[in-house]
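The structure under discussion appears below in the form of structure tokens.
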Ligand SMILES: Cc1cc2nc3c(=O)[nH]c(=O)nc-3n(C[C@H](O)[C@H](O)[C@H](O)COP(=O)(O)OP(=O)(O)OC[C@H]3O[C@@H](n4cnc5c(N)ncnc54)[C@H](O)[C@@H]3O)c2cc1C
């Protein structure tokens, strides 16, 4: 049995894979280009690490090969994930909406415990070493001089370069004959084709808005739109923008009020508007930044609320319920939390993660063409792919399926 394994990338998937392989007495060398392991992990969940989700289903994952996820879901459940982390000392806490965090609410505790477990199990960790070339002869040759029997690519995606995001995994996979489904940014903010003067007015405004029947948090910024609900829809938009020059979204900025109710409230407020400046007219009901933004968009030029006509009110209400934005781009890989696209999963065995093109090559984590929704799903896939790859690595039957 071959025992000499290199894992390229000490992120979520690579570290878990290294631990599980070392437990099986493989000699594992984990290469990391940064000066510490798990740099991206430290930033997850705003430093709290949304480690997994209690409610995981196929619909939370996206890939050109939609069945690829099935084996992971069946064999690396929430419970398996919980028990892996409990065994290394991390207890879970259920925060909100089934999102799971470490009880410490600190991603550094997750990285620290993963690090100590890897060392305890005998993983050799080599920091500041970037693997840029890979060749397969009898063995694998990395960077022209490092020889291994098996190699696991766990490089992650291009998302967030400052935290380790890189193209190098795509490059290594291509060097060995794999196909890359064009990567695109996901879980990312949107840049709007809107007058800068208008965006400056709304910048900093946080509201609960509704898009496509989903209500969530939305943040107006100087470049466009952010907030958790925008990250949630960004994948579809980013995908569309690969083929279109722009796309539209329509916000309901007052989702808990019907059009008629809003109209009644606004007409009632007109009666007590007196000489109030129009900017103050809706204070206490609608955030002032939103009022000013809508007034700009509607081109209502009145200075005092008392001068508003019924037609103005109807237009104002229409815009509150149907605020349209033209999206011209996302903030791209630099700001994305993850990437769609990646190594074509039709070329990978979904139980062992072994390449169907190159024997003894394995590919795990976000480098693959699979990405999850916001809410702990991307980390769940990263842990699960690393874990199952290690568990099944020499399972002949599974390889041949
Ligand atoms: C800001 C931010 C917040 C996030 N929050 C969450 C969250 O709360 N919950 C969630 O589920 N997901 C979250 N994600 C997504 C999640 O972090 C990733 O999906 C996950 O880390 C992917 O794991 P991975 O092992 O595939 O890659 P990574 O964790 O990115 O690890 C890859 C590692 O490989 C190293 N590497 C790459 N190429 C080479 C090379 N050639 N040689 C040597 N080393 C190399 C990199 O430096 C990196 O350390 C977040 C992402 C970001 C950017």
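Numbering (the numbering used here), first residue to last: 431 to 831. Every residue, glycine too, gets a C-beta built ideally from N, C-alpha and C.
Query	Result
Counted within 10 angstroms of its Cβ, other Cβ atoms place residue 781 as buried (16 or more) or exposed	buried
Spatial neighbours of residue 652 in its chain, beta-carbon cut-off 7 Å, leaving aside the 5 residues before and after	629, 630, 633
Entirely enclosed beta strand (DSSP E) segments - the region 483-563, minimum 3 residues	522-524, 529-532, 554-556
Beta-ladder partner(s) of residue 434, from DSSP	457
Alpha-carbon spacing of residue 648 relative to residue 660, whole angstroms	7 Å
N-terminal and C-terminal residue of the alpha helix (DSSP H) that residue 602 is part of	598-605
Pairwise C-alpha distance: residue 575 and residue 485	45 Å
Alpha carbon of residue 505 to alpha carbon of residue 815, nearest angstrom	10 Å
Simplified DSSP assignment, three categories, for residue 791	strand
Unbroken beta strand (DSSP E) run spanning residue 640, endpoints	636-641
Three-state secondary structure assigned by DSSP to residue 738	coil
Meets three-Cβ-pair contact criterion under 8 Å: the region 444-463 and the region 748-765	no
Residues that residue 754 bridges to, as DSSP identifies them	680
Start-to-end residues for the alpha helix (DSSP H) that takes in residue 670	658-670
Close Cβ partners of residue 743 (< 8 Å) along its chain, the five nearest in sequence each way excluded	693, 696, 697, 700
Pick from 789, 794, 809, 820 that is closest to residue 568, judged by C-alpha positions	789
Residues bridged to residue 654 (per DSSP)	621
Contacting residues, own chain, Cβ-Cβ under 6 Å from residue 828 (five flanking each side not counted)	781, 782, 822
Cβ-heavy atom distance, residue 508 to ligand 1, below 7 Å	no
Three or more C-beta pairs below 8 Å linking the region 529-538 and the region 475-494	yes
DSSP-derived helix/strand/coil call for residue 716	coil
Near ligand 2: residue 443 beta-carbon under 7 Å from a heavy atom	This structure lacks ligand 2; its bound ligands are ligand 1.
Contact set for residue 711: own chain, Cβ-Cβ below 6 Å, skip 5 residues either direction	703, 735
Which residues DSSP lists as bridging residue 565, in chain order	571
Beta-bridge pairing of residue 770 - partner residues as DSSP gives them	614
Contact set for residue 432: own chain, Cβ-Cβ below 7 Å, skip 5 residues either direction	Unreliable positioning characterises residue 432 in this predicted model, as indicated by a pLDDT of 48, which lies under 50. A coordinate reading is not provided.
Inter-stretch contact (C-beta, 8 Å, three-pair minimum) for the region 458-473 and the region 536-556	yes
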